[in-house]
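Residue numbers (our numbering): 96 to 324. Heads up, the beta-carbon is just placed ideally off N, CA and C, and yes, glycines get one too. Computed from a prediction, not measured in an experiment: that's the story for all the values here. Remarks on the structure that follows.
Below, the structure is given as structure tokens:
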């Protein structure tokens, strides 16, 4: 068995900035010299192309419903062995999707979860959402929380103080609200990676923002045991 840094990035709901943050975290790790192996929970074919745009590596789907538990485990272990960091992007909200949810995949792979919470237009209530995720399924290990779309220092402080008194989940950072980090969309979803929805400059800016606002060191402490070949 070998241990590698690995985590699953999930969200409280769709549209909370999960894909953008996943790309930013991957890009920041690449800038640090890590070889990142991306994965996508579920059958989505768009997000993996965005992962490849950032990492240069093929992103593999892990779909419990179509592939089954053992095939997902085998794919994760085989594709992850030769890379430095393994990052899975979840699907929808953490517990959405029944047997094919991000939560079920995290439990199947015994991997920790980084939860992204959209804090736009809320403060202490965002921490109530976090608390719900903390207690809903105790078998899920939350490596930490990222509060997204923070509008001001006061906004950040209100949330941080509420976390200190109401939750034991580590705070991994607060990402500011910034439209330049949005991935363009159309009626069938996001643009695919080979359509270059984000320029290299935008990806570099996103990576720099992640470096500035998020705690990558704590994320990298989350490890998973991979079987030997």
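Look at the Cβ atom of residue i, then the Cβ atom of residue j, and state whether they are nearer than 8 angstroms.
i: residue 239; j: residue 162; result: no
i: residue 122; j: residue 301; result: yes
i: residue 235; j: residue 195; result: no
i: residue 241; j: residue 309; result: yes
i: residue 262; j: residue 229; result: yes
i: residue 103; j: residue 227; result: no
Quick check on DSSP: helix, strand or coil for residue i?
i: residue 269; result: strand
i: residue 155; result: strand
i: residue 96; result: coil
i: residue 228; result: helix
i: residue 103; result: strand
i: residue 316; result: coil
i: residue 244; result: strand
i: residue 70; result: Because the chain in this structure spans residues 96 to 324, residue 70 falls outside the shown range and cannot be described.
i: residue 218; result: coil
i: residue 358; result: Any answer about residue 358 is impossible in this case: the structure gives the chain only from 96 up to 324.
i: residue 212; result: strand
Please go through the same chain and pick out, in chain order, the residues whose beta-carbon is closer than 8 angstroms to the beta-carbon of residue i, but skip the five residues on each side of it.
i: residue 152; result: 130, 131, 132, 133, 146, 178
i: residue 218; result: 250, 253, 254, 257
i: residue 180; result: 99, 100, 101, 124, 129, 130, 131, 132, 315
i: residue 231; result: 190
Would you list the one or two residues that DSSP bridges to residue i?
i: residue 306; result: Bridge partners of residue 306: none, in fact.
i: residue 67; result: In the structure as shown, the chain begins at 96 and stops at 324. Residue 67 is therefore absent and cannot be evaluated.
i: residue 188; result: 106
i: residue 183; result: 103, 134
i: residue 239; result: 209
To the nearest angstrom, how far is it from the Cα of residue i to the Cα of residue j?
i: residue 125; j: residue 150; result: 7 angstroms
i: residue 336; j: residue 187; result: The requested residue 336 does not occur in the structure, where the chain is confined to residues 96 to 324.
i: residue 183; j: residue 248; result: 30 angstroms
i: residue 317; j: residue 209; result: 10 angstroms
i: residue 202; j: residue 271; result: 31 angstroms
i: residue 164; j: residue 172; result: 12 angstroms
Could you name the residues of the same chain whose beta carbon sits closer than 7 angstroms to that of residue i, not counting the 5 residues immediately before and after it, in chain order?
i: residue 268; result: 241, 308, 309, 310
i: residue 205; result: 319
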